[in-house]
Every structure is written in structure tokens, then in C-alpha cells.
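All remarks here apply to the structure that follows.
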Amino acid sequence: MLAFCAAVAPAAAATDDNAANAAATPLVLQQASIDPAIAVRILALDCERLSAADVREVLSQAPAPRVILLQGSLGLVTMQPFGEFLVAMGYPEERIRNPRDGSMSYGSFGGSEALAGTLAWHYEREGMVPALIGHSHGGMLVVRTLHELAGAFAETIPVRNPLTDEVLPRTTFVDPATGKERPVVGMKVAYASAIAAGKLARLLLLEWTMLPKLRRIPDTVVDFTGFSIAFDPIAFDFGGSDPYAATGTARVRNVTLPASYSHIGIPKTRHLAANPVTQAWSDAYAPGADPPALPADADTDNLLHAADIWFSLKQNWCVEAQRSLRARRREASP
426 MLAFCAAVAP AAAATDDNAA NAAATPLVLQ QASIDPAIAV RILALDCERL
476 SAADVREVLS QAPAPRVILL QGSLGLVTMQ PFGEFLVAMG YPEERIRNPR
526 DGSMSYGSFG GSEALAGTLA WHYEREGMVP ALIGHSHGGM LVVRTLHELA
576 GAFAETIPVR NPLTDEVLPR TTFVDPATGK ERPVVGMKVA YASAIAAGKL
626 ARLLLLEWTM LPKLRRIPDT VVDFTGFSIA FDPIAFDFGG SDPYAATGTA
676 RVRNVTLPAS YSHIGIPKTR HLAANPVTQA WSDAYAPGAD PPALPADADT
726 DNLLHAADIW FSLKQNWCVE AQRSLRARRR EASP
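With our numbering applied, the sequence shown closes on residue 759, and no number is skipped along the way.
Written out as C-alpha cells, the structure is:
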């Protein structure tokens, strides 16, 4: 019995990393269990032109990147309604809910170092870097985290377990794409977005280090979309005179929303998926294309940024699913 206890004691005292590795199993099994015919259909998708049927019948069979929705500084205004919109449009609910408490809205005062370390933890175990979407102060945290990953504030970033909020004793992770160890600094997010993130709040909240960085998007993101309201006194935005710009290779888009949009009410979008007319409009939307006309009596509040983000999220989902499948095929080949 003593020998048996001595043998199992190390396993009983498993580290956070070992326990977390087990959490990757469902995703790995999901990837392995994709029907070959479905895999062929996923690889044949045009990620720039995804219909509602593509999402419902094909893409829903593939793993999806986690989406982290960051709310603003006012606790009563959360990103819960926006998360419900995304789920109603077809995004997997489990990939939006916080794995720690089940909520759809993350607070924005946890710090960029903590969020960057959490991204590394998720990527190591899930094979996909989470997408970041932030409203107001949450949008600032999105941009700050991109700068954090670029090494703007520290040379190293510790990995953080989001299930326990524990800082792990390491600043590297195993990249599932290569199997090699790499630092958290330099990791790249595929898609990120900031909604109504203004400079005035940076002054009021004493976040002065972000004033020169808030509109500068580093290379630690592939696609970034910044949304501003044409006249938004809360964000100190008066006509989009200070657009987001890439400092290097990031693809950056600026979208100016009508002045009728409310800074406080902008996350309220679940009604758009409940109405078949605005739901179909959102499914058909593509940046730069002429959208179909809507009935005059349709409730279109907050439609533009909701449809734009939905387009980007399902595109990112498609790209990441195809990348994952191609990687598995390379591993399986002689």
C-alpha cells in the first residue's frame, strides 16, 4: 500500500499544466471525429462569402475560435446582449462563454498582461487564438493587449490559467501549430475589434500610457476593425478625425457609425437576430458591398457594427477551421 501511495502521489498532485492539458481533449476529439465528407466541405468553403446555410450545415461541424467579449468601465453595461446575438446567428455558445463562470461578458479592468497570458493558455490547449472584441474601456484593453503582446510594456509575459486566475511559473507555451516552445510575447491574434474606445476615458482613468498607442495597431493582430460613432462625446470622438492605423503589417479597417448610435446602448443587438429580416441582412452583409434594402419599419438599431463583426467572426472561424484541418492532413501524411 505504501508503495502504491508513493506511486500515485505525484499524479494526485498534478500541476495546473497537466490538468489543463486534459481540457484540450474535447477539441482534439472534435477535430479527429469530423466526418471526412464534412471536412471536404469545410475546406471547399469560400471564407469571404459564407451564407447562413454554410454556417448552419458545414461550419458548425468544425471547432471555432474562442471569442472574448470585453465590456466597458460601467458595470451595468455588459456585452451579454452582443454574445446572445452571436449565438443566435450561429456561433457556438460554448466558445463565447467564460469557462470560469459561464458569463458572456468579461470585465475590462483585469489588465493587459493577464489577458495576454490567458490568450496563450487558450491557444496552447485549444489550437486557436481567441478573438478579442471590446466595447469602450474594453476596446482600449483590446488595443493595449495587442501592444502587450508586441512587448511594449514588458519583455516577458507569464501564462495565466483563466479557470483559476493563477499566474503560471512560465513565460512560454507550446505552439500547437509547430509543437515548439515559444514566448508569449510575439503571439498573434487573428481578429480583434474595438467599439467606441475613446481617449477621454484614458485621461479620466489615468491610463496615460495608452494615449499615444490607442489608435496605433501593432503586428500582433492579423485583422483589426475599429468602430467609432460619428459624434460620441463620451469617447471624445467628433467625426473620426483620429482613425486607427497599422504600425506595420496588420490589416486595419475604420468604420464610422451613424451619430444616432448610442455609446451606452451599442451592445444591444440580440433583437437583430430575432427578426428574420435583420438576421438575413446580417448574414448577407460584406464590408464594401452594397447591402440589400431594409423595410422602413425594421428595427435596425446597432445593425451595422453587429453585421460587420459577424462577417469577420465567421470568416475567422472558417479560416481557422481550414488551417486546422490542413495541419491535421500534413501530420497524417507520410
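A virtual CB, placed ideally from N, CA and C, is assigned to each residue, including glycine.
Integer-rounded CB distance, given that residue j should sit under 8 Å from residue i
{"i": "Leu544", "j": "Met635", "result": "About 19 Å separates the two Cβ atoms, so there is no contact after all."}
{"i": "Ala675", "j": "Asp644", "result": "6 Å"}
{"i": "Asn741", "j": "Ala556", "result": "6 Å"}
{"i": "Ile467", "j": "Val483", "result": "6 Å"}
{"i": "Glu538", "j": "Ala577", "result": "The pair is not a contact, with the Cβ atoms about 11 Å apart (cut-off 8 Å)."}
{"i": "Ile521", "j": "Val554", "result": "Actually they are not in contact, since the Cβ atoms of Ile521 and Val554 sit about 15 Å apart, beyond 8 Å."}
{"i": "Ser749", "j": "Pro488", "result": "7 Å"}
{"i": "Glu549", "j": "Val610", "result": "Not confirmed; about 15 Å, so no contact."}
{"i": "Phe661", "j": "Gly623", "result": "5 Å"}
{"i": "Pro583", "j": "Leu593", "result": "6 Å"}
{"i": "Trp706", "j": "Pro717", "result": "6 Å"}
{"i": "Pro683", "j": "Ala721", "result": "About 16 Å separates the two Cβ atoms, so there is no contact after all."}
{"i": "Gln505", "j": "Ser530", "result": "5 Å"}
{"i": "Leu475", "j": "Lys739", "result": "5 Å"}
Simplified DSSP state of residue i, which is helix, strand or coil
{"i": "Arg569", "result": "helix"}
{"i": "Gly563", "result": "helix"}
{"i": "Arg522", "result": "coil"}
{"i": "Leu454", "result": "Residue placement at Leu454 is poorly supported in this model, since its pLDDT is 38, which falls under 50; the coordinates still yield a value, given next. Helix, per DSSP."}
{"i": "Arg640", "result": "coil"}
{"i": "Ser749", "result": "helix"}
Buried or exposed by the 16-neighbour rule on C-beta atoms within 10 Å, applied to residue i
{"i": "Gly604", "result": "exposed"}
{"i": "Thr503", "result": "buried"}
{"i": "Ser685", "result": "exposed"}
{"i": "Phe649", "result": "buried"}
{"i": "Val465", "result": "exposed"}
{"i": "Asp479", "result": "buried"}
{"i": "Arg755", "result": "exposed"}
{"i": "Asp708", "result": "buried"}
{"i": "Pro712", "result": "exposed"}
{"i": "Phe652", "result": "buried"}
{"i": "Val497", "result": "Note on residue identity: the sequence assigns Gly, not Val, to residue 497. Result: buried."}
{"i": "Arg751", "result": "exposed"}
{"i": "Gly552", "result": "buried"}
{"i": "Ala714", "result": "exposed"}
{"i": "Gly559", "result": "buried"}
{"i": "Glu473", "result": "exposed"}
{"i": "Thr581", "result": "exposed"}
{"i": "Arg569", "result": "buried"}
{"i": "Thr703", "result": "buried"}
{"i": "Gly500", "result": "exposed"}
{"i": "Phe507", "result": "buried"}
{"i": "Ala670", "result": "exposed"}
{"i": "Asp526", "result": "exposed"}
{"i": "Ala731", "result": "buried"}
{"i": "Glu745", "result": "buried"}
{"i": "Pro692", "result": "buried"}
{"i": "Asp471", "result": "exposed"}
{"i": "Ala462", "result": "exposed"}
{"i": "Glu509", "result": "buried"}
{"i": "Pro587", "result": "buried"}
{"i": "Gln455", "result": "Unreliable placement is indicated for Gln455, whose pLDDT of 47 sits below 50; the coordinate value is still reported in the next sentence. By the neighbour-count rule (16 or more Cβ atoms within 10 Å), Gln455 is not buried but exposed."}
{"i": "Val646", "result": "buried"}
{"i": "Arg481", "result": "exposed"}
{"i": "Asp657", "result": "buried"}
{"i": "Glu573", "result": "buried"}
{"i": "Asp590", "result": "exposed"}
Any chain C beta carbon closer than 8 Å to residue i
{"i": "Leu566", "result": "Looking for chain C here will not work: only one protein chain is present."}
Residue i CB to nearest heavy atom of the ligand SAH below 7 Å
{"i": "Glu538", "result": "Among the ligands in the structure shown, none appear at all, so the ligand SAH cannot be discussed."}
Determine contact between the region 531-548 and the region 724-743, defined as no fewer than three beta-carbon pairs at a distance below 8 Å.
no
Restricting to runs no shorter than 4 residues, where is the alpha helix (DSSP H) found entirely within the region 576-638?
625-629
Examine the Cβ distances between the region 612-622 and the region 562-570 and report whether three or more of them are shorter than 8 Å.
yes
Would you list, in sequence order, the uninterrupted beta strand (DSSP E) runs of no fewer than 3 residues that lie entirely inside the region 643-700?
646-654, 676-682
Which full runs of the alpha helix (DSSP H) of 4+ residues lie inside the region 699-729, going along the chain?
701-709
Count Cβ pairs between the region 506-514 and the region 688-706 that sit closer than 8 Å; are there 3 or more?
yes
3-residue-minimum beta strand (DSSP E) runs that sit fully inside the region 458-544, ordered along the chain
492-495
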